[in-house]
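Numbering (the UniProt record's numbering), first residue to last: 2 to 242.
The C-beta atom is built at its ideal place from N, Cα and C for all residues, glycine as well.
This structure is a prediction, so every number in the text was calculated from the model and none was measured.
Scroll down for the structure; my scribbles are underneath it.
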Ligand code: ATP
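Here's what the structure looks like:
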């Protein structure tokens, strides 16, 4: 019997015209689980995340929280509780921090979008955003923009967040802050599940309950946190093969 909760993907395939960039992807992510996705450049990690949220035409089946998402458009998938933080962040650089956060409300049902505490989860995660809410997003450092992108995803109170290399090119002190925020998402009353694409393997080991290895568009390995603790070099060795 299929697991009614969380994310369940079967036989997912997607590409860019000729040939499939990912094929036959079957995975699940339980409510509150942090699932890592690793693979070399070009393995298909970004394609997998984009296919999940229907930004690419795809085959196969995607279920989330008991609902079939196969025929839904990206906006509808967002309303069902899945947020996507793309690589490169996708912010509106000419708009302020607060405007960027408000724009996330666009995808929400009207009643929810008008709620007084709309931006609370964003400001709770990164309090400096409130202090600098009138700053132009484009004037922020790369690490600050990344925090804003994650905060923007939180506005919709998602049950699952897909993160594409959220720590890429970010200085170590800020990495620690973002990691702490991601960790806190799992310990709140209603834990948020994460599907984390990340090249920083130390962070992957520190955060993930399970890690999947994608190779040439297919899932080749899966490890649980215990296996990664017992053998810290496990992922790196597979990526080097
Ligand atoms: P990276 O770590 O470099 O971001 P990735 O694992 O995220 O890599 P994808 O970006 O998903 O990999 O790319 C998977 C395959 O699809 C690669 O062969 C890539 O060249 C191809 N590809 C990705 N985006 C496009 C596109 N817009 N048009 C055509 N081919 C693409």
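With DSSP as the reference, label residue i as helix, strand or coil.
i: residue 190; result: coil
i: residue 171; result: coil
i: residue 94; result: coil
i: residue 3; result: Because the pLDDT at residue 3 is just 48, under 50, the model does not fix this residue reliably, and the point stays unresolved.
i: residue 84; result: strand
i: residue 65; result: strand
i: residue 132; result: helix
i: residue 146; result: helix
i: residue 59; result: strand
Please go through the same chain and pick out, in chain order, the residues whose beta-carbon is closer than 8 Å to the beta-carbon of residue i, but skip the five residues on each side of it.
i: residue 107; result: 114
i: residue 95; result: 137, 138 and 139
i: residue 232; result: none
i: residue 3; result: Reliability fails at residue 3, whose pLDDT of 48 lies under 50, so the model's placement of it is uncertain and no value is given.
i: residue 58; result: 15
Could you tell me the boundaries of the beta strand (DSSP E) in which residue i lies?
i: residue 163; result: 161 to 165
i: residue 216; result: 211 to 216
i: residue 72; result: Careful: residue 72 lies outside any beta strand (DSSP E) and carries neither H nor E.
If you measure from the CB of residue i, is any heavy atom of the ligand ATP nearer than 6 Å?
i: residue 47; result: yes
i: residue 160; result: no
i: residue 201; result: no
i: residue 15; result: no
i: residue 245; result: The structure shown does not extend to residue 245, since the chain is modelled only from 2 to 242, so the question has no answer here.
i: residue 42; result: yes
Ignore the nearest five residues each way along the sequence and tell me which others in residue i's own chain have a CB closer than 7 Å to its CB.
i: residue 240; result: 39 and 41
i: residue 30; result: 7, 8, 36, 161, 194 and 196
i: residue 124; result: 130 and 131
i: residue 119; result: 106 and 156
Report the CB separation of residue i from residue j in whole angstroms; it is logged as a contact under 8 Å.
i: residue 52; j: residue 15; result: 4 Å
i: residue 212; j: residue 236; result: 6 Å
i: residue 44; j: residue 86; result: Contact flag wrong, Cβ pair sits at about 19 Å.
i: residue 207; j: residue 180; result: 7 Å
i: residue 152; j: residue 126; result: 6 Å
Note the first and the last residue of the continuous alpha helix (DSSP H) segment covering residue i.
i: residue 100; result: 98 to 105
i: residue 239; result: 235 to 241
i: residue 113; result: 111 to 114
i: residue 231; result: 226 to 231
Can you give me the Cβ contacts of residue i inside the same chain, cut-off strictly under 6 Å, excluding the 5 residues immediately before and after it?
i: residue 186; result: 193
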